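Engineer: Be aware that the sequence shown starts at 60, since it is given in the numbering used here, and climbs by one per residue. Cβ coordinates follow ideal geometry from the N, Cα and C atoms, glycine included. All figures in this text were calculated on a predicted structure; none of them were measured in a lab. Sharing a structure below in structure tokens format, with a few things to ask.
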Amino acid sequence: MGEVIAIHSLEELATVSRNKLVVVYFSATWSEPCRLISPVFHDLAKKLTNVTFLEVDVDEIKLLSLKFNVSIMPTFVFVKERVLVDQVSRASKDELENKIEKHMIA
Numbered sequence: 060m061g062e063v064i065a066i067h068s069l070e071e072l073a074t075v076s077r078n079k080l081v082v083v084y085f086s087a088t089w090s091e092p093c094r095l096i097s098p099v100f101h102d103l104a105k106k107l108t109n110v111t112f113l114e115v116d117v118d119e120i121k122l123l124s125l126k127f128n129v130s131i132m133p134t135f136v137f138v139k140e141r142v143l144v145d146q147v148s149r150a151s152k153d154e155l156e157n158k159i160e161k162h163m164i165a
């Protein structure tokens, strides 16, 4: 069963699978939109075990947020073979699902 992996450092991000689609969820505990989308993100992680789901608290790892130019929460970054392929902020459930599906088959 899939799960969301919390990332606490840049080094941890570097060890993530190279061959799978990786979805990085930049969140903040104080963000209401993050609280609303978080259960959706965790449900997708349980369903889509062929995708790696990561979560980054922007207040904990500010450097990672800067690296990906994250300024709005939630932001989802899509990485495939260590290359940034897409990024979306404040995604709805449908938009998030569509982006994941798009990049799984690409």
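(1) For residue 88, count the other beta carbons within 10 Å of its own beta carbon; 16 or more makes it buried, fewer makes it exposed. Which is it?
(2) In or out: residue 151 buried (at least 16 other Cβ within 10 Å) or exposed?
(3) Suppose you measure from the CA of residue 72 to the CA of residue 66; what does that come to, to the nearest Å?
(4) Can you give me the start and stop residues for the alpha helix (DSSP H) that residue 100 sits inside?
(5) Pick helix, strand or coil for residue 151, following the three-state DSSP scheme.
(6) Here's a check: name, in chain order, each residue in its chain whose Cβ is nearer than 6 Å to the Cβ of residue 202, leaving out the five neighbours to either side.
Structural biologist: In short, the structure shows the following:
(1) On the sequence shown, position 29 is the one that residue 88 refers to. Exposed, since its Cβ has fewer than 16 Cβ neighbours within 10 Å.
(2) Sequence index remark: in the sequence shown, residue 151 carries index 92 (1-based). Looking at its Cβ environment, which holds fewer than 16 other Cβ atoms inside 10 Å, residue 151 is exposed.
(3) Here the question's residue 72 lines up with position 13 in the sequence shown. Here the question's residue 66 lines up with position 7 in the sequence shown. Residue 72 and residue 66 have their alpha carbons spaced roughly 7 Å apart.
(4) Against the sequence shown, residue 100 aligns to sequence position 41. Annotation: the continuous alpha helix (DSSP H) that includes residue 100 extends over 91-106.
(5) Position 92 of the sequence shown, counted from the first residue, corresponds to residue 151. In the structure shown, the three-state DSSP call for residue 151 is coil.
(6) Only positions 60 to 165 of the chain appear in the structure, and residue 202 is not among them; the question remains open.
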